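Trainee: Just so you know, we're using full-length UniProt numbering here: the sequence shown kicks off at 1 and counts up by one.
We put the CB at the ideal spot given by N, CA and C, even for glycine.
This one's a predicted model, so the numbers in the text were calculated from it and none came from an experiment.
Sharing a structure here in structure tokens format.
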Amino acid sequence: MIRVPAIYLTVSILKRPRTPSTTPGMVEYQSADHEQLMKRLRPAPSVEEVSYPSARQASWSLDDLPRTVAMSLHQGSSVTSMDFHPSHQTLLLVGSNNGEISLWELGLRERLVSKPFKIWDISACSLPFQAAMVKDTPISVRRVTWSHDGSFVGVAFTKHLIHIYAYNGSNELAQRMEIDAHIGAVNDLAFAHPNKQLCIVTCGDDKLIKVH
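Laid out in structure tokens, this is it:
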């Protein structure tokens, strides 16, 4: 079960854009603020000159901490990881212990996308992973995260793999990349963009940190 504090939901919905989308139940998220954010996220030509501006942070006090629950969302399985869209704070990405990922629109209290775990191309996976799959032990989501501009979703699993999806604002996550990243679990992943090149950084049970 996912619980959302009332104060968070109120503030987020007030900040939502009002332009309607062509897709029922969704909102068009492109805006001047979004374009400005994209420009700020573009790195400078030289590594030495790159600066990463921090996102604007509101000033909060202890009195602002939520004391009531605005809603409870029934995911259907134990939640292992969550991440809000970087600029549209009612879009919640959720990973579960059954390997499923979901995308929730909190303003509508609606699950927009649900993707059960599956291997996209077993022939491209390593022999150790194929051997691990024979054991028929369940695969869980270890980590879900958005890219800096919200156009990609990364998912790390408890066996070897990461999945990268593309998100374009519709009710769909499109498969983009499957990587057999580590021996054992992939414990975390992050997006980086040095020198205008999008990279994926992962770490795993094999005690390695890899940049893809």
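To the nearest angstrom, report how far apart residue 214 and Ile122 are at their CA atoms.
Mentor: This structure cannot speak to residue 214, because the chain is shown only from 1 to 212.
Trainee: Identify which residue in Val155, Ser147, Lys159 has its Cα closest to the Cα of Leu198.
Mentor: Nearest C-alpha to Leu198: Ser147.
Trainee: Apply the 10 Å Cβ neighbour rule to Gln75 and answer buried if 16 or more other Cβ atoms are within range, or exposed otherwise.
Mentor: With 16 or more Cβ atoms within 10 Å of its Cβ, Gln75 is classed as buried.
Trainee: Is Val94 closer than 8 Å to Val144 when the C-beta atoms are compared?
Mentor: The answer is yes: Cβ separation under 8 Å.
Trainee: With DSSP run on the structure shown, which of helix, strand or coil describes residue 216?
Mentor: The first residue shown for the chain is 1 and the last is 212, placing residue 216 beyond what the model contains.
Trainee: I'd like to confirm the pairing. Which residues does DSSP put opposite Phe157 in its beta bridges?
Mentor: According to DSSP, which records beta bridges pairwise, Phe157 is partnered with Val141.
Trainee: Using the three-state DSSP reduction, which class does Leu62 fall into: helix, strand or coil?
Mentor: It is helical.
Trainee: Excluding sequence positions up to five away, which residues of its chain have a Cβ less than 7 Å from the Cβ of Thr80?
Mentor: Here the set comprises Gly95, Ser96, Asn97, Ser140, Val141, Arg142.
Trainee: To the nearest angstrom, how far is the alpha carbon of Ala190 from that of Asp180?
Mentor: Those two C-alpha atoms are separated by around 16 Å.
Trainee: Please name the residue, chosen from Val4, Asp83, Phe129, Glu172, that lies closest to Leu65 on a Cα-to-Cα basis.
Mentor: Leu65 has its Cα closest to that of Val4, out of Val4, Asp83, Phe129, Glu172.
Trainee: For Ile162 and Thr202, which I take to be in contact (beta-carbon distance under 8 Å), what is that distance rounded to the nearest angstrom?
Mentor: With a Cβ gap of about 6 Å, Ile162 and Thr202 count as contacting.
Trainee: Any idea if Thr137 is buried or exposed, counting beta-carbon neighbours within 10 angstroms, 16 or more meaning buried?
Mentor: Exposed, since its Cβ has fewer than 16 Cβ neighbours within 10 Å.
Trainee: Whole angstroms are fine: how far does the CA of Asp63 sit from the CA of Leu173?
Mentor: Rounded to the nearest angstrom, the two C-alpha atoms are 38 Å apart.
Trainee: Alpha carbon to alpha carbon, how far is Val186 from Met1?
Mentor: Answer to the nearest angstrom: the Cα atoms are 24 Å apart.
Trainee: Measuring straight from C-alpha to C-alpha, what distance separates Ala192 and Ile200?
Mentor: Using only the alpha carbons, I get a separation of about 6 Å.
Trainee: What does the alpha-carbon distance come out to for the pair His160 and Met177?
Mentor: Their backbone Cα atoms lie some 14 Å apart in a straight line.
Trainee: DSSP on Met1, reduced to helix/strand/coil?
Mentor: Three-state DSSP puts Met1 in coil, outside helix and strand.
Trainee: Just reading off the beta strand (DSSP E) that Asp149 is part of, what are its end residues?
Mentor: Counting along the chain, Asp149 falls outside any beta strand (DSSP E), and DSSP gives it neither H nor E.
Trainee: Can you tell me where the beta strand (DSSP E) with Asn195 in it begins and where it stops?
Mentor: Where Asn195 is concerned, there is no enclosing beta strand (DSSP E), given that its DSSP letter is neither H nor E.
Trainee: Under 8 Å, do Asp206 and Gly184 count as touching if we go by C-beta distance?
Mentor: It is a contact, given that the beta carbons lie within the stated cut-off.
Trainee: Would DSSP call Ser81 helix, strand or coil?
Mentor: Here Ser81 sits in strand by DSSP.
Trainee: Please report how far the alpha carbon of Lys118 lies from the alpha carbon of Trp60, in whole angstroms.
Mentor: So the alpha carbons of these two residues sit roughly 41 Å apart.
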